[in-house]
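J.:
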């Protein structure tokens with residue numbers, strides 16, 4: 012069985028139940044999540060072997076992180092321990108015109124204090140098929156760009172593919188610093204994934220006619236941007252998710268995969284959203300699965316979009332959909348009829 | 012006051028709260044439900060006298076079943092006891108493109124082990140206006156077809172109407188066995204109810220142009236199928252619900268009642284679904300009420316659809332709507348404005 | 012900082028969790044709310060100083076009312092104590108075609124037993140910028156019309172504006188009695204607010220072409236009604252909210268502000284509703300804020316509608332939106348995208 | 012099967028979850044309860060036929076009351092409707108040295124507004140074995156003493172026993188008024204039940220050496236008081252519960268039954284309390300059951316104390332224990348070992 | 012690291028929240044549990060490698076079982092699939108004199124339908140240090156005694172110790188059948204564990220002076236019984252837990268380990284019980300750990316009792332205590348002081 | 012009305028519901044708490060005016076802190092904003108022999124980054140009667156000792172008393188550093204409060220015969236220690252709480268106040284614990300109230316112990332008891348009988 016390795020931060024998510032605002036909460040629903048952990052859990056549910064690499068403090072809450080990964084079948088053999096704290100984020104779930112709100116408390120987290128010696132990438136990537144790292148990871152701390160470089164280089168040595176979801180986070184770094192770091196790393200990325208804002212902010216390659224805030228998304232733009240990225244960094248595959256936010260409750264959702272000079276567009280779904288967070292990660296997982304399993308490009312993007320479509324209808328950050336469930340949707344049954 | 016008798020299985024329903032998947036649950040919301048019990052509860056809320064006949068094991072959980080029926084005004088005088096266990100089912104509530112999922116654990120239930128001697132139908136149906144049995148009941152166990160036959164025959168003797176919701180369940184029997192049993196029973200049914208798939212699977216009478224999965228439903232088809240059923244089995248009334256599943260969250264919903272050679276179509280509602288399960292049963296209850304109370308066919312189907320429309324906006328399997336609430340919707344106020 | 016004073020009843024709201032009906036509840040979600048308290052909380056969140064004036068019994072539950080107001084920054088210095096009980100209301104949350112249902116238990120409440128001596132309006136309104144009273148308050152008890160008259164007169168003496176949301180409640184009084192009382196009070200009102208039914212029922216001024224139940228709302232009608240009210244009672248500003256109830260789950264929502272002979276219409280939002288109750292109050296709060304802060308009429312009505320739009324997407328009766336959140340929506344971002 | 016009729020108020024109980032104080036609650040656990048309803052539910056669980064007579068308003072919340080009684084097998088055929096509201100009470104559950112706190116909101120309830128014409132006692136008591144009324148009922152409203160007199164007199168006509176739990180409530184009337192009313196009614200009572208404070212406050216007959224607050228309870232006192240009551244009012248049986256409150260969490264609990272000139276004492280249990288409310292009512296139910304079923308006095312008081320012992324270990328006001336469960340405890344197994 | 016293998020049934024546990032009775036529940040707290048799974052989880056938390064062997068149906072609920080085991084670090088590599096259903100049990104938590112109540116619904120479970128071919132014991136026990144099977148397992152179905160024999164024999168071949176907790180269950184078999192099966196298996200058991208009732212019912216060896224129901228437990232009896240068992244079956248170690256049930260809330264708890272002709276008694280703890288279920292399994296786990304790790308007998312029994320003491324203060328069936336936590340208690344700190 | 016000012020950290024407390032361990036939680040109950048905030052809330056409930064001074068980050072979660080303080084009547088006028096994050100702590104509630112467990116995540120909190128310029132103590136303490144600071148505050152960050160010195164000096168200038176609860180926290184500093192800082196500050200303290208471990212660890216003054224872990228507490232020791240402290244630092248009052256931890260569920264609790272050369276001991280209570288955290292703070296609040304209000308020493312210590320006794324029976328960290336409730340317990344009613 013092929014192994015996919017994810018590397019990044021895992022945080023405690025704290026969210027008021029239902030659609031309550033922070034000020035109304037007497038309790039927080041919790042789970043443990045992070046861009047790469049989300050990808051690993053999703054791939055594990057699809058049937059791949061996965062390992063999630065991170066750095067955690069040494070306490071009972073970090074034990075909960077590990078138990079969570081294990082529960083969903085994700086390997087934890089290469090997690091390193093140390094540092095001061097587990098990062099967390101507060102999430103207020105939006106609805107209709109009221110947007111979801113995320114307040115990060117991830118500064119000083121164990122992984123942000125990681126050093127290059129914490130990870131032995133040759134051991135970790137032994138036999139791996141793919142290494143996935145989001146654009147959040149190199150932004151987390153001082154040594155993280157170097158650690159990512161180490162990881163990417165080791166992946167190359169072990170003939171593992173490298174996938175990267177650009178995932179720009181303005182709280183973690185400036186566009187300038189992001190560009191500096193990411194443009195260097197991009198040269199080692201085989202599968203580059205982004206949403207409608209990332210490419211511009213991180214790589215400085217902007218769609219020409221689209222206006223994300225206004226909900227104007229021009230498919231041609233995406234092809235152009237993907238083609239530029241593929242050209243500039245030699246990425247074998249470039250994919251973009253294309254979200255039209257009608258409101259916090261209703262979104263349109265599709266994606267494009269650019270491969271070998273050609274753009275493949277998925278169908279577009281209208282999503283009635285249960286939990287928006289982790290939507291992009293579930294797309295990445297779907298795409299990685301499809302590529303690792305050798306799907307044709309059109310089927311790959313269809314699969315990835317169907318997978319993430321189901322994620323948006325699931326509570327919390329993980330996509331728990333199975334291959335069968337994703338295939339059923341991809342193959343046309345979006346009717347949501349009761350399965351008995 | 013007229014009495015309606017329902018006969019069938021009552022199960023424990025176990026469902027994760029909200030839109031959580033099974034894997035995410037630390038608790039299950041519970042209730043006790045079954046096709047005929049759902050019909051009885053709904054009729055009792057509308058003001059009819061009802062008796063629910065079933066077989067239950069002898070333990071505290073069976074006591075909960077009886078307490079639940081009593082709570083909603085349903086008679087429990089003819090419930091018989093014995094057998095090994097109460098059947099149950101697990102329900103994962105779907106949303107958007109993610110379908111609801113039902114996992115049955117009803118094998119070996121008390122009622123599946125019932126024998127003809129368990130029920131004295133002449134006593135049970137004394138003075139009844141109508142007997143309702145879904146197509147699930149004869150599929151539950153070996154002697155159940157014979158028990159149903161006994162019940163239907165007794166109903167005839169007591170001049171009670173017999174209504175039957177076809178309700179094909181592929182986990183319980185094969186289409187072949189279903190046809191064998193149901194075509195025999197159908198000859199004793201006065202009011203035959205089905206949804207878009209049942210007629211074909213159970214009675215072998217298919218709509219000509221509709222494609223349920225693709226959401227293509229041709230009204231003319233329904234008239235044709237109903238007319239064939241009425242002809243073949245001498246049913247005085249044949250009704251079909253017509254659901255267009257846009258997604259697990261949004262459905263279109265209407266129905267047709269075929270009576271005296273004529274088809275009556277209700278208006279179509281767009282449903283934003285709270286709980287989909289029990290939707291068909293609430294239609295049956297509405298139709299039974301309307302027929303027992305002598306409504307004109309058009310009003311009957313309008314009433315039944317309005318009733319079930321409210322059910323879809325209610326938690327759990329029971330339709331708790333009152334006559335006034337149904338009438339208000341049927342008579343045109345679907346605005347959902349706050350009632351003070 | 013300018014102070015706004017609200018005067019009216021605060022009740023305990025009791026509602027089954029989620030979309031459960033009363034019959035299904037084992038617990039009630041609670042909060043403390045009332046038309047004017049809702050306005051005060053919203054204004055306090057926007058940054059104004061507020062005082063909520065009411066009469067409460069002397070017990071631990073009344074302490075909860077005071078703690079709630081304090082929590083959200085509303086002053087409680089002029090609350091008077093006495094009387095038998097705190098009023099309450101039961102709320103069953105609707106969905107789709109099933110309407111929300113309110114059952115009041117507010118009779119014999121402390122405030123309904125209030126007498127003129129309970130409130131020293133000159134002290135209360137010292138330095139106030141505005142006094143807000145809904146049309147519910149004078150309907151609560153025998154001396155309430157006189158108490159409102161005292162309050163309005165004192166407001167005039169202290170050069171505070173008077174705003175009034177007509178808010179007709181058929182359980183509290185007849186249209187005839189409402190007209191009798193309100194037409195007298197209306198002469199002292201500077202800012203008159205109403206929804207699509209109030210003007211006709213309370214002031215006898217009807218829209219000509221609109222049919223609320225059928226969802227037919229003609230904007231021209233609103234201008235005409237507002238102009239008549241402004242003329243008849245000398246109100247400097249008249250505002251109407253215009254709700255099209257597609258269902259209990261989905262509404263269209265906009266408003267009109269009539270000022271200096273001109274009608275200003277907001278844009279219309281499509282709301283996916285989390286909690287409908289308090290929607291009107293959040294509009295009043297938005298409008299009061301805008302007027303007190305000297306917004307231009309168009310901006311005022313845009314702000315008020317944006318504010319109440321966010322309220323509909325928030326649990327419970329209070330609008331907890333901040334200035335920044337309202338401004339973001341008003342200025343065009345209704346996409347509901349995650350705010351990180 | 013023998014029928015026991017209870018007459019009194021049923022209220023909505025509202026309590027913060029767990030050991031939270033009112034100020035900490037975001038929700039209230041609810042149930043519907045009253046002294047006589049509690050007795051009826053308990054008797055119904057033991058296997059007797061019961062009818063609960065009360066007056067309820069006409070609304071959805073009153074429907075919940077009826078559904079609750081029905082759920083537990085209590086008849087509701089003689090409930091009358093009308094009046095303004097359902098009474099309620101707020102309960103804060105105590106622990107250790109912190110006492111439970113009850114805040115009543117029962118004024119103006121439907122039953123407090125009842126008139127003699129509301130109840131036809133000859134119909135109600137047709138065939139009844141016993142009528143149970145607590146000392147709360149005559150305290151509820153102006154006509155209630157007369158209604159109780161009517162009921163007691165009809166019981167005599169129908170040869171039904173009359174049982175009364177003195178249950179003095181200082182919020183409802185003064186000791187003086189209580190004495191006035193209760194001393195008259197006492198002459199018609201066959202089974203008089205009280206706790207350690209009632210006899211003195213209601214009938215003016217005080218224990219000589221006990222000090223309730225200090226937890227000093229002298230058994231001899233109880234015999235003396237019971238003997239005086241039996242003598243003064245001709246009650247065939249007089250029973251006292253004897254509670255030593257070590258704290259809100261731990262109590263000692265026993266009782267005495269005085270019959271034919273002799274006092275029978277139960278054993279004493281040490282209770283670790285789950286829910287203290289309804290403890291006295293469960294004793295009354297146990298005693299009524301034992302007397303109606305003809306138990307010997309010693310067995311009767313043992314049964315009643317064992318029954319109420321189980322109640323204290325059960326959530327909410329109802330004692331849901333079955334005959335078997337009570338017998339197991341009475342016959343010596345207080346070990347609380349798991350029953351498989 | 013040493014591996015311990017457990018073999019037995021895993022069930023879904025369904026329990027009303029808090030101290031509610033079945034009749035009061037709207038939801039059930041859930042978890043997945045079984046005697047041997049409990050032992051494995053506890054050992055895994057202590058740091059051993061474990062594998063839990065069972066048979067599960069093929070559905071989403073069985074996936075939850077596997078995810079639960081994985082979460083707590085238990086291996087699932089040898090679980091076999093097939094059969095009709097997952098067994099379950101309903102648990103009503105007792106308090107004070109009200110006992111906990113268990114209602115089993117485990118008949119027809121997948122494991123009860125297991126056949127010898129389902130398990131390849133030589134593969135499973137490759138390298139195992141110990142095999143643990145409770146006396147429940149051979150009682151589950153027709154082929155289970157033979158399967159256990161296969162397993163025990165393979166353990167011998169692989170030089171793994173065999174431990175067995177007698178755990179008599181009267182619902183599963185008669186004492187006669189239990190004796191028949193267990194006396195044969197006992198000859199292969201190295202570590203025999205029982206509570207105060209098991210030895211007599213299963214092996215026919217009774218304590219001479221103790222009366223469990225009355226709470227009279229004579230330590231000398233235990234030594235005698237253990238010595239007889241060790242003699243008769245050649246068990247190297249025999250251990251008994253000794254529970255004095257003061258009530259469902261308070262127990263005394265100690266144990267004895269008999270080894271090499273000598274009895275070692277632990278100190279006795281007074282337990283205030285959070286969740287009683289799984290208490291015996293946590294003792295078995297503690298003892299197994301101590302023996303596998305080579306603790307001296309006195310330290311072994313002290314460790315096992317301290318471990319199970321902590322279990323009784325933990326929700327649900329699993330003992331989640333770590334080595335450090337158990338050692339702290341064993342070494343004397345039972346003060347329960349806050350650990351910061 | 013006299014004002015008491017508290018200065019210290021406020022954190023988010025995250026705890027699994029009921030007695031679940033961290034590994035079992037899907038949600039955390041939350042509240043905002045800190046030693047001095049706890050004191051302020053308690054004093055505010057008793058009727059004093061309070062101000063809580065701290066430093067908070069600028070985000071929605073900090074808004075929740077302020078709303079919480081306001082809710083309970085605590086002033087927030089002098090809270091300063093800035094810094095990276097709100098500190099938090101995870102609490103697993105213990106029971107029986109299983110201790111409660113606290114995991115702090117307070118490093119890098121806003122207040123730990125505070126500088127002397129953040130607080131203008133002359134403004135803050137204008138008119139204050141007392142300043143309360145726990146020994147935690149100077150341990151939080153580099154400049155905190157200096158800030159405390161500033162505050163204490165300003166208190167002296169404004170003739171406000173200074174009270175200090177030693178509250179040693181081993182995670183924050185070493186005993187050596189604690190002694191260094193605290194012995195300097197102690198010279199400015201008027202009321203010194205400690206528990207059984209603090210005096211030794213912080214001031215190096217040890218009880219001679221007591222052994223806290225073993226639960227051996229010798230009253231004479233406390234007098235000696237208090238006398239030494241009073242002598243060394245000139246504290247007018249020295250108080251010690253004396254807890255005997257029988258288990259996490261049951262404690263004995265009393266205290267001593269040393270004043271003018273004499274020791275006053277309270278009675279001892281046996282506590283059945285609901286929530287242990289904040290117990291010491293509630294004693295401090297009680298003592299401060301008593302001293303500020305001029306109670307005699309014996310009454311002061313009785314009041315403080317009664318207050319904290321009620322806290323232990325209350326959920327979460329705040330003592331919400333009123334003067335009346337505390338007086339009732341102090342004056343002898345510890346029976347926990349229902350208050351109606």
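Residue numbers (my numbering), protein chains in the order written: chain A, 12 to 351; chain B, 12 to 351; chain C, 12 to 351; chain D, 12 to 351; chain E, 12 to 351; chain F, 12 to 351. Virtual Cβ for every residue (Gly too), placed ideally from N, Cα, C.
#1: Have a look at the DSSP bridge pairing and note the partners of residue 264 of chain A.
#2: In whole angstroms, what is the alpha-carbon distance linking residue 85 of chain B and residue 304 of chain B?
#3: For residue 249 of chain C, which of C/300, C/154, C/237 and C/176 has the nearest alpha-carbon?
#4: Would you say residue 318 of chain C lies against chain F (beta-carbon separation less than 9 Å)?
#5: Taking Cβ to Cβ, would you say residue 338 of chain A is nearer than 9 Å to residue 315 of chain A?
#6: Going by C-alpha to C-alpha distance, which of C/34, C/167 and C/100 sits closest to residue 25 of chain C?
#7: Bridge partners of residue 245 of chain F, per DSSP?
#8: Are residue 72 of chain C and residue 72 of chain D close, meaning C-beta to C-beta below 9 Å?
#9: Distance check for residue 96 of chain D and residue 155 of chain D, CA to CA, integer angstroms please.
#10: State the beta-bridge partners of residue 139 of chain C as determined by DSSP.
#11: Any beta carbon of chain A sitting closer than 9 Å to that of residue 60 of chain E?
#12: My guess is that residue 183 of chain B and residue 147 of chain B are in contact by the Cβ rule of under 8 Å, so how many angstroms apart are they, rounded?
T.: Working from what's here:
#1: Your numbering for residue 264 of chain A matches position 253 in the first chain. Paired residue(s): A/254 and A/280.
#2: Within the second chain, the letter at position 74 stands for residue 85 of chain B. Within the second chain, the letter at position 293 stands for residue 304 of chain B. Cα to Cα, residue 85 of chain B sits roughly 19 Å from residue 304 of chain B.
#3: Position 238 of the third chain holds residue 249 of chain C. The shortest Cα separation from residue 249 of chain C among C/300, C/154, C/237 and C/176 belongs to C/237.
#4: In the third chain, counting from the first residue as 1, residue 318 of chain C sits at position 307. So no, residue 318 of chain C is outside the interface.
#5: In the first chain, the residue the question calls residue 338 of chain A occupies position 327. In the first chain, the residue the question calls residue 315 of chain A occupies position 304. Contact: no.
#6: As a first step, residue 25 of chain C must be located in the third chain, where it is residue number 14. Minimum Cα distance to residue 25 of chain C is reached at C/100.
#7: For the purposes of this step, residue 245 of chain F is taken as the residue at position 234 of the sixth chain. None, per the DSSP bridge assignment.
#8: One-based indexing of the third chain puts residue 72 of chain C at position 61. One-based indexing of the fourth chain puts residue 72 of chain D at position 61. No.
#9: For this step, residue 155 of chain D is matched to residue 144 along the fourth chain. For this step, residue 96 of chain D is matched to residue 85 along the fourth chain. So the alpha carbons of these two residues sit roughly 17 Å apart.
#10: Taking the third chain and counting its residues from 1, one reaches residue 139 of chain C at position 128. Beta-bridge pairing links residue 139 of chain C to C/14.
#11: As a working note, residue 60 of chain E is residue 49 in the fifth chain. Judged by the 9 Å Cβ criterion, residue 60 of chain E is not in contact with chain A.
#12: For the purposes of this step, residue 183 of chain B is taken as residue 172 along the second chain, with counting starting at 1. For the purposes of this step, residue 147 of chain B is taken as residue 136 along the second chain, with counting starting at 1. Right, their Cβ atoms sit about 7 Å apart.
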